[in-house]
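Asker: Below is the structure I would like to discuss, written out as structure tokens.
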Amino acid sequence: MQRIHPFHLAATLLGILPFLALLQLPHDESLRHYATIITVFLCGTHWGQSLSLKDPYQWRLAASSIVSVLAIWISQSITHSMELMPIIPILAYLLCVDIYLFRHRQLNKRYLMVRIMATTPVFVVLLWTLNQ
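When the letters of the sequence shown are read in order and numbered with this note's numbering, they come out as residues 256 to 387.
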């Protein structure tokens, strides 16, 4: 397995940092906004990856990313409170999609390891804030 480039590792860790910082303010709307931005970013990553995949993965991944963004938009539109609950299953789904693509040799192990490394603390923070 190739090593993770230091830039990618640093960028991933910096992307997690706001979740940890915002953990101090669990009722602040900034956490919901940042979680939404990161989730939409991951959907965009999937859409971009779909352009380089072969059928049947190509159209499925593109459609999945579009449906995920629409689900985020709808859930954020109808929940006017600090509701993080809709984001958590979408983040879990996106990680499951990456695992599926890895198992079907569409993603490399390095990418998947970075995703798991970044997603795990985010899940912990989001689940912790639900219990506050």
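For every residue, glycine included, the Cβ atom is placed at its ideal position computed from N, Cα and C.
Would you mind giving the Cβ-Cβ distance between L350 and T374, rounded to the nearest angstrom? I have them listed as a contact below 8 Å.
Answerer: Indeed they touch by this definition, with Cβ atoms about 5 Å apart.
Asker: Please report the straight-line C-alpha distance between H263 and L272, rounded to a whole angstrom.
Answerer: The straight-line gap from Cα to Cα measures roughly 14 Å.
Asker: State yes or no: is the C-beta of A326 within less than 9 Å of the C-beta of I345?
Answerer: A contact, by the Cβ cut-off of 9 Å.
Asker: Residues in the same chain with beta-carbon distance under 7 Å from L295, minus the five sequence neighbours each way, listed in chain order, please.
Answerer: Per the sequence shown, residue 295 should be read as Val rather than Leu. Only V324 and I327 meet the Cβ criterion.
Asker: Assuming L381 and I343 make a contact with CB atoms under 8 Å, what is their CB distance in whole Å?
Answerer: About 5 Å separates the two Cβ atoms, so the contact holds.
Asker: Going by the CB atoms, is the gap between L316 and V352 shorter than 9 Å?
Answerer: Cβ atoms of V352 and L316: closer than 9 Å.
Asker: Specify the secondary structure class of Q313 as computed by DSSP and reduced to three states.
Answerer: The answer is helix: DSSP assigns Q313 an H, G or I state.
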